[in-house]
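*Asks:* FYI, the working numbering numbers position 27 of the sequence shown as 129, with every residue one higher than the one before it.
We treat Cβ as the ideally placed atom computed from N, Cα and C, and that holds for glycine.
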Amino acid sequence: MTPSQSFAINQSEDVETATLLLTVGLAVSQLAARARRLQVVAVTDAEYLTRIHDTAQPAQSTTSADAVVDHVERQLTELLQLRGCRFEYGSLLGHPPRLEQDGSVTTGRRRWDADQRGWPQGEIELRAMGNGRYQGRFMLTPSPGARPTLQARLVAVALADQAGAALDTTEPGTPQE
């Protein structure tokens with residue numbers, strides 16, 4: 103077939119060629135868009151793993167649990183786009199909204215849709231557990247409009263638990279209360 107030097111579709115072969123070109127073009131653009139999304143996910147996942155790794159180092163090597171707590175406070179502030187973060191040792195006063203172990207957020211006994219609505223008003227509790235025991239909690243003060251992803255919230259839970267493990271003073275084999 104010779105080129106017609108025109109965009110006119112006059113024959114059935116022209117329809118087939120145009121359809122084939124359109125189909126290939128759409129497939130290539132979809133593949134390119136998917137590759138860009140996967141690249142963003144891979145970069146984000148690598149950043150999250152780096153945060154966990156960077157917290158594990160001091161948690162395992164330092165004798166100061168306070169240094170680990172301070173490190174985790176800084177990590178949480180950046181990761182969750184917080185205005186502030188503080189740690190309360192052993193306190194369970196009040197019933198603030200809570201960031202749960204599965205990354206969900208609850209207010210009272212209800213689940214809060216953090217993906218759609220962002221953070222609830224006021225401080226949010228993130229409990230730090232060590233050796234299965236409650237060690238304290240991080241009190242998170244969100245920035246207005248912040249909406250951390252589920253992945254970010256799950257990383258925050260892992261970071262809090264690393265702080266909890268550093269705070270746990272139970273010796274192996276010691277009976278728990």
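(1) Which value, in whole angstroms, describes the spacing of the CA atoms of Gly266 and Asp172?
(2) Assuming the contact rule is C-beta atoms closer than 8 Å, Leu201 and Leu228 should be a hit. Round their C-beta distance to whole Å, please.
(3) Answer with buried or exposed for Pro246, where buried requires no fewer than 16 other C-beta atoms within 10 angstroms of its C-beta.
(4) Which residue's Cα is closest to the Cα of Val259: Phe240, Ala248 and Trp221?
(5) If distances are taken between C-alpha atoms only, which option among Ala216, Leu261, Gln223 and Thr179 comes closest to His197?
(6) At the level of alpha carbons, what is the spacing between Val117 and Pro250?
(7) Sort Leu123, Asp168 and Gln264 by Cα distance to Asp234 and report the nearest one.
(8) As a quick exercise: from Glu175, Glu225 and Arg219, pick the residue whose alpha carbon is nearest that of Val257.
(9) Identify every run of the beta strand (DSSP E) within the segment 176–201, keeping only runs that are complete inside it and at least 3 residues long; order them along the chain.
(10) According to DSSP, is Gln203 part of a helix, a strand, or is it coil?
(11) Helix, strand or coil for Glu118? Go by DSSP, reduced to three states.
(12) Out of Ala167, Ala268 and Leu182, state which residue places its alpha-carbon closest to the alpha-carbon of Gly205.
(13) In the DSSP assignment, what residue or residues form a beta bridge with Trp214?
(14) Helix, strand or coil: which one does DSSP assign to Gly266?
(15) Asp217 and Leu252 look like a contact to me (Cβ under 8 Å); what is the Cβ gap, rounded to whole Å?
(16) Report buried or exposed for Gly232, applying the criterion of at least 16 other Cβ atoms within 10 angstroms of its Cβ.
(17) Could you give the DSSP three-state label for Ala260: helix, strand or coil?
(18) For the beta strand (DSSP E) holding Gly220, just list the boundary residues, first then last.
(19) Apart from the five residues on each side of it in sequence, which residues of its chain come closer than 6 Å, Cβ to Cβ, to Arg188?
*Replies:* Result, derived from the coordinates:
(1) The sequence position of residue 266 within the sequence shown is 164, counting from 1. The sequence position of residue 172 within the sequence shown is 70, counting from 1. Rounded to whole angstroms, Gly266 to Asp172 spans 12 Å at the Cα level.
(2) For the purposes of this step, residue 201 is identified with residue 99 of the sequence shown, where counting begins at 1. For the purposes of this step, residue 228 is identified with residue 126 of the sequence shown, where counting begins at 1. With a Cβ gap of about 4 Å, Leu201 and Leu228 count as contacting.
(3) Here the question's residue 246 lines up with position 144 in the sequence shown. Label assigned to Pro246: exposed.
(4) Here residue 259 is taken as the residue at index 157 of the sequence shown, counted from 1. The option with the nearest alpha carbon to Val259 is Phe240.
(5) For the purposes of this step, residue 197 is identified with residue 95 of the sequence shown, where counting begins at 1. The residue with the shortest Cα to Cα distance from His197 is Gln223.
(6) The residue labelled residue 117 in the question sits at position 15 within the sequence shown. The residue labelled residue 250 in the question sits at position 148 within the sequence shown. In a straight line, the C-alpha of Val117 is about 48 Å away from that of Pro250.
(7) Locating residue 234 in the sequence shown gives position 132, counting from the first residue. A small fix is needed here, since residue 234 is Gly in this sequence, not Asp. Cα-wise, what sits closest to Gly234 is Gln264.
(8) If you number the sequence shown from 1, residue 257 lands on position 155. The option with the nearest alpha carbon to Val257 is Glu175.
(9) 184–191
(10) Residue mapping note: residue 203 aligns to position 101 of the sequence shown, counting from 1. Secondary structure at Gln203: coil, using DSSP grouped into helix, strand and coil.
(11) Position 16 of the sequence shown, counted from the start, is the residue given in the question as residue 118. Three-state DSSP puts Glu118 in a helix.
(12) Translated into the one-based positions of the sequence shown, residue 205 becomes position 103. With distances taken between Cα atoms, Gly205 lies closest to Leu182.
(13) Here residue 214 refers to the residue found at position 112 when the sequence shown is read from its first residue. Answer by DSSP bridge pairing, in chain order: Val207.
(14) Within the sequence shown, the letter at position 164 stands for residue 266. Gly266 falls in the helix class under three-state DSSP.
(15) Against the sequence shown, residue 217 aligns to sequence position 115. Against the sequence shown, residue 252 aligns to sequence position 150. Yes, Asp217 and Leu252 are in contact; Cβ-Cβ is about 7 Å, under 8 Å.
(16) Position 130 of the sequence shown, counted from the start, is the residue given in the question as residue 232. Classification for Gly232: buried.
(17) Here residue 260 refers to the residue found at position 158 when the sequence shown is read from its first residue. It is helical.
(18) As a position in the sequence shown, residue 220 is number 118, starting the count at 1. First-last for Gly220: undefined, no H or E at that position.
(19) For the purposes of this step, residue 188 is identified with residue 86 of the sequence shown, where counting begins at 1. Contacts found: Met241.
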